């Protein structure tokens, strides 16, 4: 066992004496889905005892564990409580899981993003369970008048073997809840886990398959009105005036007005990105009536002026420049291609790249691009708000509740303690729900209407008023010597308006002469986090390029990568640090090589491989496909992942499968283009999403067995699959696919 | 506005409503049956799939005035206790990630199995082509449909 100080997140373990008591359901009665079934009510315990911020134990031994982080499909609502339950020493079947509300006193890092929930929650969750177990042991020792060391626990029971005494957690919950939280607790040895590492079903599974109201968009309140927005049709425009003569008189319409999401002079924080600061709002009795009125509302818009705003990134200020003008995709690509050298910044230089290129026997060059992407969460942006002069109640899906609460507090001029944010299940997040401007909009609308409202974006608003994945370009050059050894590698990359470069990632550290440079181009399109930000492009570009280099070197693409990694392992560059661990990187490549039966070419299928490190985890993939009727038929993807300890294996496999399918869909079809600032797609009839028939027939996921603390999984399997697909497409068609999306005529290099 | 007597999940419901209102919004806004989801509003994503008689239809494109005497079944009415073979298979395979599209997927899958209790892979892909899952659970959906195929009560 390892002993740890209960320092991290200790606030959540400190109790007030008033907490132990009955009926503590922590305000969770807001959804009908959370009501107990009759069977559950019959078994309802008489009294619950809150042991710490994460859990309470009932007199009958039932355990309720709060899941602190937003659930958007990454399984944290199941896997985070599993970690608590394991250290607590109870059976998983005795656990009830509840979604915690935003509570900055009780929890730290209540975010969905960066694949960090489990990684950053790991220690605190374990401590929550272990400290509660320690308090139960202390209570038992006192009751039985025996030494704590002689007490063991299993399956929610305490045992004193010498005397034969035993009792359930429920019997001692009351006594335990009155004890001080220990300063130190012992955590289990990794090998002693009983729940972590076993596959447990999604705790919301039954509710999902029976259509219970789990999502923000399902929220209903007596007297609630429906609100929708109308925004300028093009980026680069702002609202001048609205003509609501016709719309105002349509059936069911209560009011039409405009709101300013942020006040003039407000310094926006990192996630306060908002495209159109002023939007029109239509409020009515029902969604259909409001949708009809939307069509009748006329907007007059005018061009924006260029502006420079100071923004705050967690205490670090930066200047955001927004140019005026109506932007075009064709111009974007031309701008990226012709980036002036004086705009390029050197981020890392190892050795002497210029000289190395001069003495190279062979030089390989290629350019890669990727378009803007819309997130397209299946549940459109929405939020419920009930704002009065005294308080604000908000219910819905969002990824960064703590930051959004601060933004809302500033906008309403209302203290944080008067704002209550309840988190619902997210119908997808992928980064989009980090930018919760619609929560602020919902609150402003409720305030104006003096009524509870639900703001719902139409699919068209969701897609055309987005916070997109930036557009990117990368140019690579590599030099081989006469022995086909990689002696120099150069990447020049950038984006609109963000650079995707991670200069210390592979192949940095695996080649003597290395140069990484980047640049950015301003835009008035709004961009932000999108599943595996920047990696979702760089993995494709870099791993496709390495495939070209391996081919030029006459080497097997896996062996070529392993050779480079071997160099980083055995002969690291002096004075340089890299982001990745080359041993773990090589580990996933070796595992995928073995599991995919890489050397076997009898199947007649075209194979492509790629591997990438991001969000603290490693993933390698082999994709096998046929090319039929000018379409890829993807037979199989084999995936190897190293994300440390896997908490809930089957759910982890599901998440890896999802990353792979999502990546294939985005690589083949994902694209949002702009003409004069107008997004050229606004719904799924034109924005093509991957469908069942286009998904791989089989996905085979393997995890590296590990006792390293868990790292991210929501994102790492997404970026490399783009390149595995591109490399397989090359094998199948003889053509390189350097420009996303792959399945358009002009993007195929002949 | 007009009165409609709708047969939904075995019960008759009366709504006084604009006849052009799609069933999606009748269900969600007026009858508070929110298991049927809004995804695109143009019959492209399948999140709003319900049964009209035995057929899977997109309720976002079905005006209330077009329903007439036909029986509507939503996810809430697919089974009394949430134990339709397709629902059971979804639980067994642990299909959902975010879960938002799954009610629509289940309604499409259950309609498929009702008319074709043992579909081939191609028939499954064809029947499920109208349902988008943004999380990418397609391989599990297919597996769950095969699990549910040929079981009693499909």
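Residue numbers (the UniProt record's numbering), protein chains in the order written: chain E, 1 to 750; chain A, 1 to 154. Here a beta-carbon is modelled for each residue, glycine too, at the ideal position from N, C-alpha and C. In this text the structure is predicted, and so the values were computed from the model without any measurement.
For residue i, name the three-state secondary structure that DSSP assigns.
| i | result |
| --- | --- |
| residue 31 of chain A | coil |
| residue 751 of chain E | A query on residue 751 of chain E cannot be resolved here, the shown segment of chain E reaching from 1 to 750 and no further. |
| residue 625 of chain E | strand |
| residue 370 of chain E | strand |
| residue 341 of chain E | helix |
| residue 250 of chain E | coil |
| residue 207 of chain E | helix |
| residue 26 of chain E | For residue 26 of chain E, the predicted model reports a pLDDT of 22, less than 50, meaning its position is unreliable; a value from the coordinates is still stated below. DSSP places residue 26 of chain E in coil when its eight states are reduced to three. |
| residue 618 of chain E | strand |
| residue 582 of chain E | helix |
| residue 137 of chain E | helix |
| residue 708 of chain E | coil |
| residue 136 of chain A | coil |
| residue 540 of chain E | helix |
| residue 260 of chain E | strand |
| residue 561 of chain E | helix |
| residue 147 of chain E | coil |
Using the DSSP secondary-structure output, state which residues sit across from residue i in a beta bridge.
| i | result |
| --- | --- |
| residue 301 of chain E | E:239 |
| residue 601 of chain E | DSSP lists no partner for residue 601 of chain E. |
| residue 362 of chain E | E:480 |
| residue 157 of chain E | E:154, E:168 |
| residue 226 of chain E | E:284, E:454 |
| residue 640 of chain E | E:620, E:702 |
| residue 386 of chain E | E:393 |
| residue 526 of chain E | Bridge partners of residue 526 of chain E: none, in fact. |
| residue 468 of chain E | E:527 |
| residue 122 of chain E | Answer is none; residue 122 of chain E lacks a bridge partner. |
Measure the Cβ-Cβ separation of residue i and residue j and say whether it is below 7 Å.
| i | j | result |
| --- | --- | --- |
| residue 544 of chain E | residue 726 of chain E | yes |
| residue 432 of chain E | residue 71 of chain E | no |
| residue 620 of chain E | residue 717 of chain E | no |
| residue 675 of chain E | residue 328 of chain E | yes |
| residue 756 of chain E | residue 154 of chain A | Outside the displayed span of chain E (1 to 750) sits residue 756 of chain E, for which this structure offers no information. |
| residue 303 of chain E | residue 524 of chain E | no |
| residue 253 of chain E | residue 173 of chain E | no |
| residue 86 of chain E | residue 262 of chain E | no |
| residue 394 of chain E | residue 439 of chain E | yes |
| residue 520 of chain E | residue 497 of chain E | yes |
| residue 176 of chain E | residue 136 of chain E | yes |
| residue 332 of chain E | residue 522 of chain E | no |
| residue 477 of chain E | residue 490 of chain E | yes |
| residue 135 of chain A | residue 216 of chain E | no |
Run the proximity test for residue i: is its beta-carbon closer than 6 Å to any non-hydrogen atom belonging to the ligand ATP?
| i | result |
| --- | --- |
| residue 372 of chain E | Here there are no bound small molecules, and the ligand ATP is not part of this structure. |
For a contact meaning CB atoms closer than 7 Å, what does residue i contact in chain A?
| i | result |
| --- | --- |
| residue 379 of chain E | 100 |
Starting from the beta carbon of residue i, find every residue of chain A whose beta carbon is closer than 8 Å, and list them in chain order.
| i | result |
| --- | --- |
| residue 212 of chain E | 35 |
| residue 696 of chain E | 139 |
| residue 751 of chain E | The requested residue 751 of chain E does not occur in the structure, where chain E is confined to residues 1 to 750. |
What in chain A is Cβ-close to residue i, meaning under 9 Å?
| i | result |
| --- | --- |
| residue 251 of chain E | 1, 18 |
| residue 536 of chain E | What residue 536 of chain E touches in chain A: nothing, since even the nearest Cβ is about 14 Å away. |
| residue 69 of chain E | Here the premise fails: no neighbours, minimum Cβ distance about 14 Å. |
Taking Cβ-Cβ distances shorter than 8 Å, what residues in chain E pair up with residue i?
| i | result |
| --- | --- |
| residue 72 of chain A | Near residue 72 of chain A there are no residues of chain E at all, since even the closest Cβ is about 14 Å away, more than 8 Å. |
Would you mind telling me which residues of chain E sit closer than 9 Å to residue i, beta carbon to beta carbon, in chain order?
| i | result |
| --- | --- |
| residue 142 of chain A | 692, 695, 697 |
| residue 76 of chain A | 210, 211, 212 |
Give the residues of chain E in contact with residue i, contact being defined as C-beta atoms less than 7 Å apart.
| i | result |
| --- | --- |
| residue 106 of chain A | 209 |
| residue 32 of chain A | 220 |
*Anything in the stretch 643-676 of chain E with a Cβ closer than 9 Å to a Cβ of chain A? List those residues in chain order, please.*
Under the 9 Å Cβ criterion, the stretch 643-676 of chain E contributes 650, 651, 654, 655, 657, 658, 659, 660, 661, 662, 663, 664, 665.
*Note down, in chain order, all residues in the stretch 264-292 of chain E with a beta-carbon under 9 Å from any beta-carbon belonging to chain A.*
285, 286, 287, 288, 289, 291, 292
*Give, in chain order, every residue of the stretch 213-234 of chain E whose Cβ lies closer than 8 Å to some Cβ of chain A.*
213, 214, 215, 217, 218, 220, 226
*Using Cβ-Cβ distances below 8 Å, what residues of the stretch 513-528 of chain E are close to chain A?*
none
*Proximal residues, the stretch 121-139 of chain A versus chain E, C-beta separation under 7 Å*: 125, 128, 129, 132, 134, 135, 136, 137, 138, 139
*Closer than 8 Å, Cβ to any Cβ of chain E: which residues of the stretch 34-59 of chain A, in chain order?*
Within the stretch 34-59 of chain A, the qualifying residues are 34, 35, 36, 37, 38, 39, 40, 41, 42, 44, 45, 47.
*Listed from N- to C-terminal order along the chain, which residues in the stretch 173-184 of chain E have their beta-carbon within a distance smaller than 7 Å of any beta-carbon of chain A?*
none
*For the stretch 84-99 of chain A, which residues have a CB atom closer than 7 Å to at least one CB atom of chain E, in sequence order?*
87, 90, 91, 94, 96, 97, 98, 99
*Mind checking the stretch 404-425 of chain E against chain A and listing, in chain order, the residues whose C-beta falls within less than 9 Å of any C-beta there?*
425
*chain A contacts made by the stretch 604-621 of chain E, where a contact means CB separation under 7 Å*: none
*Of all the residues that make up the stretch 702-730 of chain E, which are near chain A by a beta-carbon distance shorter than 8 Å?*
none
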